[in-house]
Amino acid sequence: MLSPRKTKYRKQQKGRIKGNAQRGNQLAFGTFGIKSLDTGRLTSRQIEAARIAVTRFMKREGQVWIRIFPDTPITKKPAEVRMGKGKGALDHWAAKIEPGRVLFEIEGVSIEVGREALRLAAQKLPLVTKFVVRRDYTENN
22 MLSPRKTKYR
32 KQQKGRIKGN
42 AQRGNQLAFG
52 TFGIKSLDTG
62 RLTSRQIEAA
72 RIAVTRFMKR
82 EGQVWIRIFP
92 DTPITKKPAE
102 VRMGKGKGAL
112 DHWAAKIEPG
122 RVLFEIEGVS
132 IEVGREALRL
142 AAQKLPLVTK
152 FVVRRDYTEN
162 N
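Offset between the sequence shown (1-based) and this note's numbering: plus 21.
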């Protein structure tokens with residue numbers, strides 16, 4: 022699963038996600054992709070589950086790019102512990118997702134295979150997504 026090797030601080034404030042994606046909102050590497058229409062957080066486990074779904078359906082043909090990285094630490098207090106006494110310990114890592122952000126890109130497969138592979142990946146994610154195709158794509162590519 023994805024996680025940063027080293028961070029400046031172990032814990033972060035929750036913050037909030039405002040506005041649309043200013044970066045990472047266009048296909049950069051592949052021919053097809055899925056783009057988020059929602060705001061939310063994706064855990065490293067969810068990203069990995071979606072990646073496995075894509076690679077299994079594509080039968081290891083083509084190439085997959087993960088355009089997001091879980092760099093936000095999520096903390097959690099133990100069960101049945103009273104409020105207060107400081108912030109909880111690190112539980113997992115998550116990526117903050119804005120609307121318009123490209124999550125996954127693929128290349129080297131037909132549009133039918135690409136659409137189905139990314140549909141299976143989108144089912145693993147807690148966000149509303151849409152299938153996007155590179156602007157200069159033609160059927161014989």
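The C-beta atom is built at its ideal place from N, Cα and C for all residues, glycine as well.
How should GLU82 be labelled, buried or exposed, when 16 other C-beta atoms within 10 angstroms of its C-beta is the threshold for buried? exposed
Using the C-alpha atoms, what's the distance from ASP59 back to LYS117? 11 Å
With a threshold of 8 Å on Cβ separation, who are the neighbours of THR96 within its own chain once the five nearest residues in sequence on each side are excluded? LYS32, LYS108, GLY109, ALA110, LEU111, ASP112
Whole-Å CB distance - GLU133 paired with ARG88, under 8 Å assumed: Not really, about 22 Å apart at Cβ, beyond 8 Å.
Close Cβ partners of PRO147 (< 8 Å) along its chain, the five nearest in sequence each way excluded: GLY61, LEU63, GLN67
Just to confirm my understanding: we take ALA71, look at its own chain, exclude 5 residues before and 5 after, and list those with CB closer than 7 Å. What are they? PHE125, ALA142, LYS145, LEU146
Report the three-state DSSP secondary structure of GLU126 (helix, strand or coil). strand
Alpha carbon to alpha carbon, what distance is there between LYS106 and VAL154? 50 Å
Is it buried or exposed for ARG26, if we count other Cβ within 10 angstroms and need 16 for buried? exposed
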